[in-house]
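J.:
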Amino acid sequence: MSEHNHVVNKEGEVALNKVDDALNRIDDSKKDDILGSFDSFKSYLSDKIEMAQKIGLNEEVMAKAAEKIAGYLAAKEEPRNSEEKLLQELWKVGDKEQQHALAHMLVRVAQSS
Numbered sequence: 001m002s003e004h005n006h007v008v009n010k011e012g013e014v015a016l017n018k019v020d021d022a023l024n025r026i027d028d029s030k031k032d033d034i035l036g037s038f039d040s041f042k043s044y045l046s047d048k049i050e051m052a053q054k055i056g057l058n059e060e061v062m063a064k065a066a067e068k069i070a071g072y073l074a075a076k077e078e079p080r081n082s083e084e085k086l087l088q089e090l091w092k093v094g095d096k097e098q099q100h101a102l103a104h105m106l107v108r109v110a111q112s113s
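When the letters of the sequence shown are read in order and numbered with full-length UniProt numbering, they come out as residues 1 to 113.
Pasting the structure below:
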């Protein structure tokens, strides 16, 4: 895969506009594996957070990426468990500031997993 398809470039800069494209490239079977249970989702998110930390991304950048992912999931994926349903409902009723705070909390949940 060429570099222009990556969300993070070799300088460690995040192209938030590419997050949706990256999510759209995940096949349905992989999405089902990731979203099948909340523990699977946390584990996947934890792996991505760990990778982001290794390349030097700070929490704010990770939260902005988490915001894009949460927005995508809320708009395009049906919740597969009660935890995902709660997150979707919280996301939908929150304003931009609350969604950003929720994204930070998701990053921290993933870091503690």
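Glycine included, every Cβ here is placed at the ideal spot set by N, Cα and C. Predicted model only: the values in this text are computed from it and were never measured.
For residue 24, which three-state DSSP category applies?
T.: In the structure shown, residue 24 sits in a helix (DSSP, three-state: H, G or I).
J.: Reducing DSSP to helix, strand and coil, say where residue 55 ends up.
T.: Three-state DSSP puts residue 55 in coil, outside helix and strand.
J.: Tell me whether residue 68 is buried or exposed, calling it buried when 16 or more other Cβ atoms sit within 10 Å of its Cβ.
T.: Buried, because 16 or more other Cβ atoms sit within 10 Å of the Cβ of residue 68.
J.: Taking 8 angstroms as the threshold, find out whether the stretch 71 to 80 comes into contact with the stretch 17 to 32 through three or more Cβ pairs.
T.: Flag = yes, the stretch 71 to 80 and the stretch 17 to 32 touch.
J.: Sorted by chain position, which residues of the same chain lie with C-beta nearer than 7 angstroms to residue 103's C-beta, five sequence neighbours on each side aside?
T.: So the qualifying residues of the chain are 63, 66, 67 and 70.
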